[in-house]
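Trainee: Chains as they are written, first to last, in this note's numbering: chain A, 753 to 1077; chain B, 318 to 604.
A virtual CB, placed ideally from N, CA and C, is assigned to each residue, including glycine.
Since this is a predicted model, take the numbers as computed values, not measurements.
To start, I am sharing the structure in question, which I have written as structure tokens.
Right under this line is the structure:
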């Protein structure tokens, strides 16, 4: 078994303002081995991006608080690191790809300069200017952009190309962990496929671990080894891709998620979405967070939060399975 | 070596774009002519011509001897404009740069960090802004004593709030954007983010404000000189010359016209250069 690179334990994140407290992440456990890809799926507001930002320690400083839990990266609890040490990790050992390539590039710097930035900041190998320049060109070629375009500015690139640049920036230092926050949401479908295929290829080449945040189950099936389904700040189901896509036992929310995507083999008039909306994160239900929308809700669900049910590595947070045992 | 070459090429790129802007080039030309004239003022016409009084040549219109005419004390206006330019242009330049530097730094910090620091800085600026700037400058000069250095300090302090506000507002629009967060995710330090990512994106309005304020600074200095709190006579200065000319506006308009034109032309060309630079620095504008 390969070694653990990242381990999140009982992580809780709240956004605290003087008006209200938003419970964004409520005690999640997640671990990631080297070279592995974990997908985090869930609808908007489930706490996916908040989890990612906590790993980067980039939560908004005036409101974001982590009252509980630990994030261990390569044996170090990064929540207790000094800001300066954290900066040394960001961009070099953990990189992040942001959702929208249109806005995550600096419009007044050439793309070459932006790729170069991470290399200059984390220059432990004492690369010379010449070597850094070489590396920039290499990285560009790697993501499929001809290196002569390095002096061009972001507005001269198309959306898909921009996302490639963003990926090149993230990969320039060959990070051990890559967090991709909905990397293809802003792209159209054909470009999505290209970018995903490229990311997978690069990841395999560089032996990078990846956290793929998305709400698209298709992307999960395509790229991930393991999947965490998040709902209202909790991981309601966790398992390998086979567990999630093939297994008999599922959290009702996961069943709902699958019900809301069209199935090629089944003829159906309408899709079957999950009724209702996410609970208000400032005022979460007392028992199971999903109980108000759950089709198989029982009395116990309304009062006490369910424990994890384990079936090997497959983990489901639901009373349905705990009762059977 | 490499970075030097790269820097040069970026500068060359800006210069290439600036060159295409005809009006900016006109502005640059005028400023260069002014700068040369002021630098070599002593060679063109020695300073003693500017302060030598002569009763027989009072209020003469432009002629071959005095190409800009003479003032009420029979002093050669051409020489006075020339040497006055030394003072006026350096007042404009120094105060604009100083307030840009100080105001820019304060504004960038206020906008970037927010919180109570922002609150403290901006409330101080509000207080300074609530005092009419001429009164503020006057108070500073009166307290420190009337000389050139204190004049510069007074004008700078009075114009810092405008810069702070402008830079803060520009920074606020940039700081919320995704690429700043992306830069953070790369491990970039705050200082580097401000210098490399935020300021270049906010530079447009800042440059325009700086160049536009140069003329305002010259006039502020003139106003202070007029009430005896600025440049002391007989030292010539454009604004002071304008004030002296007011009495003779009907009988000897040339006294007003030449220093007036000097102020207008320098202000105009600074503004033209500023507009051109703003466009040249923005890579998003298509060539």
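According to DSSP, is residue 552 of chain B part of a helix, a strand, or is it coil?
Mentor: Taking the first residue of the second chain as position 1, residue 552 of chain B is located at position 235. Here residue 552 of chain B sits in coil by DSSP.
Trainee: Nearest-angstrom Cα distance between residue 850 of chain A and residue 1043 of chain A?
Mentor: Indexing the first chain from 1 puts residue 850 of chain A at position 98. Indexing the first chain from 1 puts residue 1043 of chain A at position 291. Going from the Cα of residue 850 of chain A to the Cα of residue 1043 of chain A covers about 32 Å.
Trainee: Kindly indicate if chain B contains any beta-carbon less than 8 Å away from that of residue 1035 of chain A.
Mentor: Taking the first chain and counting its residues from 1, the one referred to as residue 1035 of chain A is at position 283. No Cβ of chain B is located within less than 8 Å of the beta carbon of residue 1035 of chain A.
Trainee: Taking CB distances under 8 Å as the criterion, tell me whether residue 753 of chain A reaches chain B.
Mentor: Here residue 753 of chain A corresponds to residue number 1 of the first chain, with the count starting at 1. Its pLDDT being 43, under 50, residue 753 of chain A is placed unreliably by the model, and nothing is read from it.
Trainee: When the Cα atoms are used, what is the spatial distance from residue 410 of chain B to residue 928 of chain A?
Mentor: Within the second chain, the letter at position 93 stands for residue 410 of chain B. Within the first chain, the letter at position 176 stands for residue 928 of chain A. Each residue's Cα considered, the two are about 51 Å apart.
Trainee: Residues of chain A with CB closer than 9 Å to the CB of residue 505 of chain B, please, in chain order.
Mentor: For the purposes of this step, residue 505 of chain B is taken as residue 188 along the second chain, with counting starting at 1. What residue 505 of chain B touches in chain A: 839, 842, 843, 869, 870, 873.
Trainee: Any C-beta of chain B sitting closer than 8 Å to the C-beta of residue 848 of chain A?
Mentor: Here residue 848 of chain A refers to the residue found at position 96 of the first chain. Yes - at least one Cβ of chain B is within 8 Å of the one on residue 848 of chain A.
Trainee: Please name the residues in the stretch 534-552 of chain B whose beta-carbon is closer than 8 Å to at least one beta-carbon of chain A, in chain order.
Mentor: none
Trainee: Residue 592 of chain B versus chain A: which residues are under 8 Å apart at the beta carbon?
Mentor: Counting from 1 along the second chain, the entry for residue 592 of chain B is found at position 275. Within 8 Å Cβ-Cβ: nothing; residue 592 of chain B doesn't reach chain A, min ~18 Å.
Trainee: Excluding sequence positions up to five away, which residues of its chain have a Cβ less than 7 Å from the Cβ of residue 1027 of chain A?
Mentor: Taking the first chain and counting its residues from 1, one reaches residue 1027 of chain A at position 275. Hits under 7 Å: 1045.
Trainee: So with Cβ pairs under 8 Å, would you call residue 1059 of chain A a contact of chain B?
Mentor: Taking the first residue of the first chain as position 1, residue 1059 of chain A is located at position 307. No, residue 1059 of chain A lies away from the interface with chain B (no Cβ there is under 8 Å from its Cβ).
Trainee: Based on the DSSP output, what are the partners of residue 1067 of chain A in its beta bridges?
Mentor: Residue mapping note: residue 1067 of chain A aligns to position 315 of the first chain, counting from 1. Paired residue(s): A/990, A/1062.
Trainee: Near residue 540 of chain B, what residues of its chain come up, given a Cβ to Cβ distance below 7 Å and the 5 sequence neighbours on each side ignored?
Mentor: The residue given as residue 540 of chain B occupies position 223 in the second chain. Cβ neighbours of residue 540 of chain B beyond the five flanking positions: 451, 556.
Trainee: By a C-beta neighbour count over all protein chains shown, 10 Å radius and 16 as the cutoff for buried, is residue 579 of chain B buried or exposed?
Mentor: What you label residue 579 of chain B is simply residue 262 of the second chain in a count that begins at 1. It is buried - the Cβ of residue 579 of chain B has at least 16 other Cβ atoms within 10 Å.
Trainee: Given residue 966 of chain A, which residues of its chain have a CB within under 7 Å of its CB, disregarding the five upstream and five downstream residues?
Mentor: Your numbering for residue 966 of chain A matches position 214 in the first chain. The answer, listed in chain order, is 791, 793, 934, 972.
Trainee: Where residue 758 of chain A and residue 1055 of chain A are concerned, what is the direct C-alpha to C-alpha distance, given to the nearest angstrom?
Mentor: The count along the first chain starts at 1 and reaches residue 758 of chain A at position 6. The count along the first chain starts at 1 and reaches residue 1055 of chain A at position 303. Using only the alpha carbons, I get a separation of about 33 Å.
Trainee: Take residue 940 of chain A as the anchor and find which of A/911, A/896, A/959 has the nearest alpha-carbon.
Mentor: In the first chain, the residue the question calls residue 940 of chain A occupies position 188. The option with the nearest alpha carbon to residue 940 of chain A is A/911.
Trainee: Rounded to whole angstroms, what is the Cα-Cα separation between residue 979 of chain A and residue 1025 of chain A?
Mentor: Sequence index remark: in the first chain, residue 979 of chain A carries index 227 (1-based). Sequence index remark: in the first chain, residue 1025 of chain A carries index 273 (1-based). Approximately 21 Å between the Cα atoms of the pair.
Trainee: For my contact list, residue 841 of chain A and residue 823 of chain A are in at a C-beta cut-off of 8 Å; report their separation, rounded to the angstrom.
Mentor: For the purposes of this step, residue 841 of chain A is taken as residue 89 along the first chain, with counting starting at 1. For the purposes of this step, residue 823 of chain A is taken as residue 71 along the first chain, with counting starting at 1. Actually they are not in contact, since the Cβ atoms of residue 841 of chain A and residue 823 of chain A sit about 11 Å apart, beyond 8 Å.
Trainee: Under 8 Å between beta-carbons, which chain B residues line up against residue 856 of chain A? List them in chain order, please.
Mentor: Position 104 of the first chain holds residue 856 of chain A. Within chain B, the residues near residue 856 of chain A are 495, 496, 498, 499.
Trainee: Measure the C-alpha to C-alpha separation of residue 520 of chain B and residue 852 of chain A and round it to an integer number of angstroms.
Mentor: Taking the second chain and counting its residues from 1, one reaches residue 520 of chain B at position 203. Taking the first chain and counting its residues from 1, one reaches residue 852 of chain A at position 100. Near 24 Å, if we compare the C-alpha coordinates of residue 852 of chain A and residue 520 of chain B.
Trainee: Measuring alpha carbon to alpha carbon, tell me which residue in A/825, A/795, A/866, A/773 is nearest residue 969 of chain A.
Mentor: By 1-based counting over the first chain, the position of residue 969 of chain A is 217. For the residues A/825, A/795, A/866, A/773, the minimum Cα distance to residue 969 of chain A belongs to A/795.
Trainee: For residue 955 of chain A, does the count of other Cβ atoms within 10 angstroms reach 16, so buried, or fall short, so exposed?
Mentor: Residue mapping note: residue 955 of chain A aligns to position 203 of the first chain, counting from 1. Answer is buried; the Cβ neighbour count reaches 16.
Trainee: When burial is assigned at 16 or more other CB atoms within 10 Å of the CB, is residue 1035 of chain A buried or exposed?
Mentor: Here residue 1035 of chain A corresponds to residue number 283 of the first chain, with the count starting at 1. With fewer than 16 Cβ atoms within 10 Å of its Cβ, residue 1035 of chain A is classed as exposed.
Trainee: If you follow the beta strand (DSSP E) that residue 1016 of chain A is part of, which residue opens it and which one closes it?
Mentor: Here the question's residue 1016 of chain A lines up with position 264 in the first chain. Per DSSP, residue 1016 of chain A belongs to no beta strand (DSSP E) and is neither H nor E.
Trainee: So, residue 393 of chain B versus residue 367 of chain B, is the Cβ gap smaller than 8 Å?
Mentor: Within the second chain, residue 393 of chain B is the residue found at index 76, counting from 1. Within the second chain, residue 367 of chain B is the residue found at index 50, counting from 1. Taking 8 Å as the Cβ cut-off, residue 393 of chain B and residue 367 of chain B qualify as a contacting pair.
Trainee: Given this structure, state the Cα-to-Cα distance separating residue 585 of chain B from residue 344 of chain B, to the nearest angstrom.
Mentor: Indexing the second chain from 1 puts residue 585 of chain B at position 268. Indexing the second chain from 1 puts residue 344 of chain B at position 27. Distance between the alpha carbons of residue 585 of chain B and residue 344 of chain B is about 7 Å.
Trainee: Excluding the 5 residues preceding and the 5 following residue 699 of chain A in the sequence, name in chain order all residues of the same chain whose CB lies nearer than 7 Å to its CB.
Mentor: Residue 699 of chain A cannot be examined here, being either before or after the span of chain A that is shown, 753 to 1077.
Trainee: In the DSSP assignment, find the beta strand (DSSP E) that holds residue 822 of chain A and state where it starts and stops.
Mentor: As a position in the first chain, residue 822 of chain A is number 70, starting the count at 1. 816-825 is the extent of the beta strand (DSSP E) around residue 822 of chain A.
Trainee: Let me know if residue 1032 of chain A comes out buried or exposed under the rule of 16 or more other beta-carbons within 10 Å of its beta-carbon.
Mentor: Residue numbering aside, residue 1032 of chain A sits at position 280 when the first chain is read from its first letter. Residue burial annotation: residue 1032 of chain A is exposed, with fewer than 16 other C-beta atoms found within 10 angstroms of its C-beta.
Trainee: So which of A/903, A/868, A/887, A/786 has the shortest CA-CA distance to residue 846 of chain A?
Mentor: Residue numbering aside, residue 846 of chain A sits at position 94 when the first chain is read from its first letter. Of the candidates A/903, A/868, A/887, A/786, the one whose C-alpha sits nearest the C-alpha of residue 846 of chain A is A/786.
Trainee: Could you compute how far the alpha carbon of residue 897 of chain A sits from the alpha carbon of residue 913 of chain A?
Mentor: The count along the first chain starts at 1 and reaches residue 897 of chain A at position 145. The count along the first chain starts at 1 and reaches residue 913 of chain A at position 161. The alpha-carbon atoms of residue 897 of chain A and residue 913 of chain A are separated by roughly 7 Å.
Trainee: Along the chain, which unbroken stretches of the alpha helix (DSSP H) at least 4 residues long are found entirely within the stretch 949-975 of chain A?
Mentor: 969-975, all fully within the stretch 949-975 of chain A.
Trainee: Tell me which residues share the same chain as residue 336 of chain B and place their Cβ nearer than 6 Å to its Cβ, disregarding the 5 neighbours each side in the sequence.
Mentor: In the second chain, residue 336 of chain B corresponds to position 19, counting from 1. If we look at residue 336 of chain B and ignore the five residues flanking it on each side, it has no Cβ neighbours.
Trainee: Using 8 Å as the threshold, is the C-beta distance between residue 992 of chain A and residue 1065 of chain A below it?
Mentor: Your numbering for residue 992 of chain A matches position 240 in the first chain. Your numbering for residue 1065 of chain A matches position 313 in the first chain. Going by C-beta atoms, residue 992 of chain A is nearer than 8 Å to residue 1065 of chain A.
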